[in-house]
Amino acid sequence: MLYLIAEWLDFAGFFNLVRYQTFRAGATLMTAMVIGLIIGPRFINMLRVRQGKGQPIREDGPQTHLAKRGTPTMGGLMILVSLTLALLLWMDLRSPFVWACIAVTAGFGGIGFLDDYDKVSKASHKGLSGKARLLLEFVVAGIASYLIVSQISTWLYIPFVSDKAIPLGPFYYVFAAVVIVGAGNAVNLTDGLDGLAIMPVIVAAGAFAIISYLAGRVDYSAYLGIPYVPGAGELAIFCAAIMGAGLAFLWFNAPPAAVFMGDTGSLALGGALGAIAVASHHEIVLAIVGGLFVFEALSVIIQVFWF
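All residue numbers for the sequence shown refer to the numbering used here, where the first residue is 12 and numbers rise by one.
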């Protein structure tokens, strides 16, 4: 919103700073963090009152987990509120990448909310069925994939090798949707302990803030040998919002946690990272930067099939 106002004022005076993505990224980070810290206490109290028993804890789990009984979940709503308000204030809302990432974040957050609500209301760990959740996720990811891929090439670039790329053609739409859904569920599987998921999310968002900014600059991308994606620089501001909202949430989620993000937050943040990776043409890099998420997902898959 401020970017459009600054443009209307021809970037006069203070508004000249708003034209720079680096300034807006820093401002977005601080805005999201301040909003999160302000609304956090009341938000947590509201969740505690409404949920009563909080997130269901497995009786067969470690004793340290049993001590967390009564801790409210759905703290991801706090992240989404602070993140969204900061984005609406500082981003260039004409970017199709912005709306694609917002669609994924809101859509996955909504799916996670339904899952959390089902668990809390029934005091059960089951939530939505796996098939129903995956179907909803692929619907959201499919829409975002169309919005993103229609703006970029359908080549899969290999990191650290500037002249190597794989032409995927129409299959890139499917690949993009799989990346988004995979990222959302990988972060979701990692979540569970105090600060376990939010810290690597913040680190990954910081890495992609830099990557997106460089990919959106024709000079830097040519020098570094990475794919140039016009408009990708705005994604750095989205990443900054994730970092700011994540840091505010970490204040309340660090041991001993006062709130858990739940599927509402983990699915939304993971999906957002996946969408950003696709839009910046650094899908494979996401598996490297988010290595913890990949290993956790593989660990769960192996345990399910092995045991």
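By construction, the Cβ of each residue, glycine as well, lies at the ideal position given by its N, Cα and C atoms.
Could you tell me which uninterrupted alpha helix (DSSP H) segments, each at least 4 residues in length, are contained entirely in the segment 242-305, listed from first to last along the chain? 245-264, 273-290, 294-300
Output the distance between the C-alpha atoms of L20 and R105, rounded to the nearest integer angstrom. 17 Å
Complete alpha helix (DSSP H) runs within the segment 77-105 (minimum length 4 residues, chain order): 87-101
Just verifying my parser: in three-state terms, what is the DSSP assignment at P107? helix
Take D174 as the anchor and find which of L58, A279, I313, Y234 has the nearest alpha-carbon. Y234
What ranges does the beta strand (DSSP E) occupy inside the segment 163-221, keeping only unbroken runs of at least 3 residues that lie completely in it? 166-168, 176-178
When the Cα atoms are used, what is the spatial distance from T275 to R59? 16 Å
Per-residue burial, Y31 [other beta carbons within 10 Å of its own, 16 or more giving buried]: exposed
Tell me whether A308 is buried or exposed, calling it buried when 16 or more other Cβ atoms sit within 10 Å of its Cβ. buried
When we look at the beta-carbon of P241 and count the other beta-carbons within 10 Å, is it buried (16 or more) or exposed? exposed
Helix, strand or coil for A23? Go by DSSP, reduced to three states. coil
Return yes when the Cβ of V115 is within less than 8 Å of the Cβ of I191, no when it is not. yes
Give the straight-line distance between the Cα atoms of A216 and M272, rounded to the nearest whole angstrom. 17 Å
I312 (DSSP reduced to helix, strand or coil): helix
Could you check what DSSP says for Y239 in three-state terms: helix, strand or coil? coil
Could you give the DSSP three-state label for S232: helix, strand or coil? helix
Enumerate in chain order the residues of its own chain whose CB-to-CB distance from G123 is below 8 Å, with the five nearest sequence positions on each side excluded. G87, N199, G273, D274, T275, G276, S277, L278, A279
Check M44 in the structure and name its three-state DSSP category. helix
Examine the Cβ distances between the segment 246-260 and the segment 154-165 and report whether three or more of them are shorter than 8 Å. no
Following the continuous alpha helix (DSSP H) through S156, name the residue where it begins and the one where it ends. 141-160
Would you check if the distance between the CB atom of A290 and the CB atom of A43 is smaller than 8 Å? no
Assuming G138 contacts K130 (C-beta within less than 8 Å), just tell me the rounded distance between them. 5 Å
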